[in-house]
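> Next up is a structure, given as structure tokens.
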Amino acid sequence: MVDLDRRLAEIARHQHCLITLEDVIKSGGTADHARRRVQSGRWVWVFHGVYRLAGVPWTYEAQVLALVFAAGPGAVASFMCAARLLGFGFPTAAPEVTIPRGRKPLQGSARVHTSTDLDRCSIVVRNGIPMTDPARTILDLGRYLKERALARAAEAARRQELVTWHDLIECLTAHARKGRHGVRRLRMVISGGVRNSAVTDTDSELLALSIFREHGFDEPTLQHRVYDDEGELVAEMDFAYVDRMINFEINGSVHLDPEVAEKDEARDQDLRSRGWTVRRIWWEIPVHQPDKFVRILRATLRAAEARRPFL
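So the sequence shown is residues 137 to 447, counted in this note's numbering.
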């Protein structure tokens, strides 16, 4: 019995003085061992299968981790709670966790969210607590915060070097889909805050792809290659609808170079002669004018569809 208590005390030392029933069983104990310790006042019942040592401070971190344990495998701190733990605001946020969709929510708890895309973000561990990574946390905050408050949260995280604009853009692209909460507000924060010098060609292409996804366009093929009859490469495309022979290119500043522009023109003429529709779009449009980008996509797709022969 002494050995069991010693093993459990060592476990509790690393998880904010918390012990789970699973810890007890793995350490050689039983549910009766846990129940007797609660009855004796040595442990305090927190949730079903989750206990804390009596007489120790009931810290915020302990409250969060207890909720994570209670919510079950895959649960992570999230939303304002994760922002508080990561250190970029919301000092009064209550414990809040997210679990993968399909898992049974914690009975009677309004503090547990379900998510269909938790696998699309990195899980980070701070002070022994698993939580959504900073970029995903900011995206999730967009469900509840208005644009100005979300921008302040993003800027606070950037000042502490928890995220970069590229991190936020990658997160936006990974999660973008029609109706996904937070996507539009995060896009507006990026569009309003990112400096032109901070945007790489990859970033502008990722933002463009996120717009395709957010607005329900068919997923384009990325980096589609076209070859001539001799097997020589004619073009590698940013975005292509291969079946409809439509190519969208996002032009960065390098395309202003006269030699590059000349090569672009020759390449585009070659593709058009092969039946392709080619539309080049200046990179600032998906970055700073996403609504205009959507209009361009729709108009180009409609026009190309109208030109297709009726079969």
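Every residue, glycine too, gets a C-beta built ideally from N, C-alpha and C.
Less than 8 Å between C-beta atoms, sequence neighbours within five positions excluded: which residues of the same chain meet that for VAL233?
Here residue 233 corresponds to residue number 97 of the sequence shown, with the count starting at 1. If we look at VAL233 and ignore the five residues flanking it on each side, its Cβ neighbours are VAL200, LEU203, VAL204, ALA207, ALA211, VAL212, ALA213, SER214, CYS217, ARG247, VAL248, HIS249.
> Spatial neighbours of ARG142 within its chain, please: C-beta separation below 8 Å, excluding the five flanking residues on both sides.
As a position in the sequence shown, residue 142 is number 6, starting the count at 1. So the list is empty, once near-sequence residues are dropped.
> Can you give the beta carbon distance from LEU253 to HIS311, rounded, assuming they're within the 8 Å contact cut?
Position 117 of the sequence shown holds residue 253. Position 175 of the sequence shown holds residue 311. The sequence given here places Asp at residue 253; Leu does not occur at that position. Confirmed, about 6 Å.
> Excluding the 5 residues preceding and the 5 following SER346 in the sequence, name in chain order all residues of the same chain whose CB lies nearer than 6 Å to its CB.
Position 210 of the sequence shown, counting from 1, holds the residue named residue 346. The residues are LEU308, THR309, ALA312.
> Looking at the secondary structure, which residues open and close the beta strand (DSSP E) in which VAL414 lies?
Position 278 of the sequence shown holds residue 414. Counting along the chain, the beta strand (DSSP E) containing VAL414 begins and ends at 413-418.
> Could you pull the start and end residues of the beta strand (DSSP E) that SER251 belongs to?
Against the sequence shown, residue 251 aligns to sequence position 115. Under the DSSP assignment, SER251 falls in the beta strand (DSSP E) whose first and last residues are 248-251.
> Can you check which of these residues, ASP354, TRP301, TRP194, is closest to SER340 by C-alpha distance?
The sequence position of residue 340 within the sequence shown is 204, counting from 1. Ranking ASP354, TRP301, TRP194 by Cα distance to SER340 puts TRP301 first.
> Beta-carbon separation of GLY318 and GLY278 under 8 Å?
Translated into the one-based positions of the sequence shown, residue 318 becomes position 182. Translated into the one-based positions of the sequence shown, residue 278 becomes position 142. With a cutoff of 8 Å on beta-carbon distance, GLY318 and GLY278 are scored as near each other.
> Cα separation between LEU222 and ARG262?
To locate residue 222, count along the sequence shown from 1; it is residue 86. To locate residue 262, count along the sequence shown from 1; it is residue 126. LEU222 and ARG262: Cα-Cα distance of roughly 7 Å.
> Relative to the C-alpha of ARG295, which residue among ASP374, GLY225, GLN425 is closest?
Position 159 of the sequence shown holds residue 295. Comparing Cα positions, the closest option is GLY225.
> Span of the alpha helix (DSSP H) holding VAL160?
Counting from one through the sequence shown, the residue named residue 160 turns up at place 24. Residues 157-162.
> Please classify GLN151 as buried or exposed, where buried requires at least 16 other C-beta atoms within 10 Å of its C-beta.
Taking the sequence shown and counting its residues from 1, one reaches residue 151 at position 15. Residue burial annotation: GLN151 is buried, with at least 16 other C-beta atoms found within 10 angstroms of its C-beta.
> Closest to ARG178 by C-alpha separation, out of ILE155, TYR196, HIS184, ILE161, would be which residue?
Taking the first residue of the sequence shown as position 1, residue 178 is located at position 42. Nearest option by C-alpha distance: ILE155.
> So the beta strand (DSSP E) TRP181 belongs to, where does it begin and stop?
Stepping through the sequence shown from its first residue, residue 181 is reached at position 45. Taken as a continuous stretch (DSSP letters only), the beta strand (DSSP E) holding TRP181 covers 179-183.
> Going by other Cβ atoms of all chains shown within 10 Å of its Cβ, with 16 needed for buried, is ARG284 buried or exposed?
By one-based count along the sequence shown, residue 284 stands at place 148. With fewer than 16 other Cβ atoms within 10 Å, it is exposed.
> Who are ILE147's beta bridge partners in DSSP?
In the sequence shown, residue 147 corresponds to position 11, counting from 1. In the DSSP assignment, ILE147 is bridged to no other residue.
> With DSSP collapsed to three states, give me the class of VAL319.
Within the sequence shown, the letter at position 183 stands for residue 319. DSSP places VAL319 in helix when its eight states are reduced to three.
> What separation, rounded to the nearest whole angstrom, lies between the Cα atoms of VAL390 and ARG431?
For the purposes of this step, residue 390 is taken as residue 254 along the sequence shown, with counting starting at 1. For the purposes of this step, residue 431 is taken as residue 295 along the sequence shown, with counting starting at 1. In a straight line, the C-alpha of VAL390 is about 25 Å away from that of ARG431.
> Return the CA-CA distance between VAL325 and LEU437, expressed in angstroms with no decimal places.
Start at 1 with the first residue of the sequence shown, and residue 325 comes out as number 189. Start at 1 with the first residue of the sequence shown, and residue 437 comes out as number 301. Each residue's Cα considered, the two are about 28 Å apart.
> Give the DSSP-derived three-state secondary structure of PRO394 in the structure shown.
Here the question's residue 394 lines up with position 258 in the sequence shown. Three-state DSSP puts PRO394 in a helix.
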